[in-house]
Amino acid sequence: MEKEKLKSVEEWIESVADLVTPDRVVFCDGTEEEYKSIIREMLSSNELIKLNQDTYLGCYLSRSDPRDVARTEKATFIISQDSKQVGPLNNHMSLEESNGIVDRLLKNSMKGRTMYVVPYIMGPENSPYAEVGVEVTDSPYVVVNMYIMTRMGHVALQKISERGDFIRSIHASRDLDPENRYILHFPWERPSIDAHVVSINSAYGGNALLSKKCHALRIASVEARQQGWMAEHMLILEVQNPEGRKYYFLAAFPSASGKTNLAMINPPAEYARKGWKTRLIGDDIAWIHLGEDGRLYAMNPENGFFGVVPGTNSKTNPNAMKSISHDTIFTNVALTDKKEPWWEGLPDTGGEIIDWQGRKFMRGQGTKAAHPNSRFTTPLANYPDLSSEVNNPNGVPVTGIIFGGRRGDTVPLVYQAFDWVHGVFMGATMGVEQTAAAEGKVGDIRRDPMAMRPFCGYNISDYFQHWIDIGNRASHLPGIFYVNWFRRDSKGSFIWPGFGENLRVIEWMINRQENRAGAIKTEIGYIPDGDFNLNGVDLPDDHRKLLFKIDRNEWKKEVTEIGKYLDSLGPELPGKIMEQYTMLRNRFQFS
57 MEKEKLKSVE
67 EWIESVADLV
77 TPDRVVFCDG
87 TEEEYKSIIR
97 EMLSSNELIK
107 LNQDTYLGCY
117 LSRSDPRDVA
127 RTEKATFIIS
137 QDSKQVGPLN
147 NHMSLEESNG
157 IVDRLLKNSM
167 KGRTMYVVPY
177 IMGPENSPYA
187 EVGVEVTDSP
197 YVVVNMYIMT
207 RMGHVALQKI
217 SERGDFIRSI
227 HASRDLDPEN
237 RYILHFPWER
247 PSIDAHVVSI
257 NSAYGGNALL
267 SKKCHALRIA
277 SVEARQQGWM
287 AEHMLILEVQ
297 NPEGRKYYFL
307 AAFPSASGKT
317 NLAMINPPAE
327 YARKGWKTRL
337 IGDDIAWIHL
347 GEDGRLYAMN
357 PENGFFGVVP
367 GTNSKTNPNA
377 MKSISHDTIF
387 TNVALTDKKE
397 PWWEGLPDTG
407 GEIIDWQGRK
417 FMRGQGTKAA
427 HPNSRFTTPL
437 ANYPDLSSEV
447 NNPNGVPVTG
457 IIFGGRRGDT
467 VPLVYQAFDW
477 VHGVFMGATM
487 GVEQTAAAEG
497 KVGDIRRDPM
507 AMRPFCGYNI
517 SDYFQHWIDI
527 GNRASHLPGI
537 FYVNWFRRDS
547 KGSFIWPGFG
557 ENLRVIEWMI
567 NRQENRAGAI
577 KTEIGYIPDG
587 DFNLNGVDLP
597 DDHRKLLFKI
607 DRNEWKKEVT
617 EIGKYLDSLG
627 PELPGKIMEQ
637 YTMLRNRFQF
647 S
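Going by the working numbering, the first residue of the sequence shown is number 57, and it counts up by one from there.
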């Protein structure tokens, strides 16, 4: 039986090889020897640059094609015969059209190249919730990053032999032509080559490391709805109070809203002295299942970090700096004359800097030395304060779920949902200010429901209903909260210090869950009263008031914009979401 199951892998690999016609096929075993061998090959071919091994042991720099530096939402498609399955926030493509693209662009696409076969596991290998995948790629960069990001090699093939099922992905770099770039997802019907994901003409991480957003979110979210679990774009944080009790929080933030910094938070000095501790389980993706006790349990399916590096330093994120100091692959950062990686946010040492494209960096010209989306790929094991529960096969019990986005006004520091469905509404209408012109007009509000707008593999309205259904099935639900670290005063300055001080907000959440903190009921939810600890935080009285202020005029505009957004989602929107919207308007007494 085991041989029969593994034969299905071999037969599929053979069919892919017949189409893409590589010069050779390499089955990756996931060993350290293999990783080092591929690194040596990439150094010899100048695909990698060895960094200073005295200060950055085991670290390397990769530079991508300047046309290929970020996820490409316009080139990302969900394939279905029914556009309603895909919904208004995804790009839809028919199976017939996708078959034409796959056959045309994959044919002979690996001629003259090596085809690597990368079997991998998402999740702890002994977890009943773990999934197995096989990615076929012509990129050694993908292989070494997958070695860091996943549990790959023989261990994954063993899992396939036990279970038989696996997610099939094909990545072909071709010539990186952006006009022929496609990241295709097949959650329901397969193309002629029988793959769940096909990525063509990109070698950038999010488009090429197909275990990550493609498998663990877009494909997994469809599976999760069918099977009764959740695949979410969320960090998992462990918080331990001075009495030794542990709490587990999930948080979903859109880009540039403080997600990585919260995942890697250190307690402020006052809290550390009292015995508070924080530990990381995951910084990006959570798979959530309903336990036999009626509680939600979350696990991190990944085994490494693929993080945005600019702005990271020993003040903003000391844990990240410790993690990336060894055994890390950097992508599109700058290089100092000491062969050390450099990016905006680090001190300028004054020496010559080579920018992310290999050119001499000219200071004061308004350009960036490191690409704004430059990355680090680092093993989870590098993290200095990793939770002992990180490989718990059943996951950890969820205390609270946090939504939030970067907003300069309107949204208070923290508020709590009245109940589960109200919390789903809060997440469904989550907004974030645009921070880059490429994403839209800077300052405009983009609605990013549950931070899943780019990653939900099916109709977002059905996704909201799935959240509501999970709430109906669970008997012990976590609290749902909304945060905003980025409110500004009239001069444009942030009023909340953020970073480690955000633990004060989480302490209030814990106390709310344990009925040890009061709250004020407002039109938008419960906000803190006098039980919120601000001792030792240097805040003027007017800033303290502004932290939790609910401005009626700002919220009138917000409610109007939410209404337009909900209308844009179409008739499939769950009635309970519209009920929540109506109740919000009524609480403000907006006509």
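Quick reminder that beta carbons are idealized off the backbone N, C-alpha and C, glycines included.
query	result
Identity of the residue in 84, 555, 611 nearest residue 206 by Cα	84
As assigned by DSSP and simplified to three states, the class of residue 423	coil
Residue range of the unbroken beta strand (DSSP E) whose run includes residue 327	Looking at the DSSP string, residue 327 is not in any beta strand (DSSP E); the run it does join, the alpha helix (DSSP H), is 325 to 330.
Closest Cα partner of residue 398 within the set 383, 69, 432, 190	432
Residue environment, residue 167, which counts as buried when at least 16 other CB atoms sit within 10 Å	exposed
Element boundaries [beta strand (DSSP E), containing residue 147]	147 to 149
Rounded separation between residue 89 and residue 114 - CA only	13 Å
Sub-9 Å separation of residue 322 and residue 411 beta-carbons	no
Pair within 9 Å by beta-carbon distance, residue 253 and residue 270	yes
Environment of residue 71 [buried if 16+ CB atoms lie within 10 Å]	exposed
Distance between residue 465 and residue 606 (C-alpha atoms, nearest Å)	10 Å
Below-9 Å beta-carbon distance, residue 520 vs any chain B residue	In summary, chain B is missing from the structure at hand, where a single protein chain is found.
Within 9 Å, strictly: CB atoms of residue 272 and residue 488	no
Between the CA atoms of residue 203 and residue 437 - distance to the nearest angstrom	13 Å
Runs of alpha helix (DSSP H) lying entirely within the segment 177 to 211, each at least 4 residues, in chain order	196 to 205
Nearest-angstrom Cα separation, counted from residue 595 out to residue 245	56 Å
Distance CB(residue 165)-CB(residue 194) smaller than 9 Å	yes
Residue ranges of each alpha helix (DSSP H) within the segment 497 to 536, 4 or longer	516 to 529
Enclosing beta strand (DSSP E) for residue 489 [first to last residue]	487 to 489
Close-in-space but distant-in-sequence residues of the same chain around residue 522 (CB under 6 Å, 5 per side omitted)	281
Residue 550, buried or exposed, once every other Cβ within 10 Å from all chains shown has been counted against 16	exposed
Own chain partners of residue 357 with C-beta closer than 7 Å, once the 5 adjacent residues on each side are dropped	178, 179, 272, 341, 343
Contacts around residue 303, its chain only, beta-carbon distance under 7 Å, and the 5 residues preceding and following it disregarded	295, 455, 566
Alpha carbon of residue 575 to alpha carbon of residue 336, nearest angstrom	28 Å
Sub-9 Å separation of residue 133 and residue 289 beta-carbons	no
Three-way DSSP call (helix, strand, coil) for residue 275 in this model	helix
Cβ contact (3+ pairs, closer than 8 Å) linking the segment 420 to 435 and the segment 374 to 394	yes
Extent of the continuous alpha helix (DSSP H) to which residue 599 belongs	597 to 603
For residue 279 and residue 564, the rounded distance between their alpha carbons	35 Å
Limits of the unbroken alpha helix (DSSP H) element including residue 543	Element bounds for residue 543: n/a, residue is neither H nor E.
CA-to-CA distance, residue 128 to residue 495, given in whole angstroms	Its pLDDT being 49, under 50, residue 495 is placed unreliably in this model, and the value from its coordinates should be taken loosely. Cα to Cα, the separation comes out at about 11 Å.
Contact check, residue 473 vs residue 536, beta carbons under 9 Å	yes
Close-in-space but distant-in-sequence residues of the same chain around residue 95 (CB under 7 Å, 5 per side omitted)	104, 116, 200
Contact under 9 Å by Cβ, residue 308 with residue 506	yes
Collapsed DSSP secondary structure at residue 566 in the structure displayed	helix
Buried or exposed (CB count within 10 angstroms, at least 16 for buried), residue 463	buried
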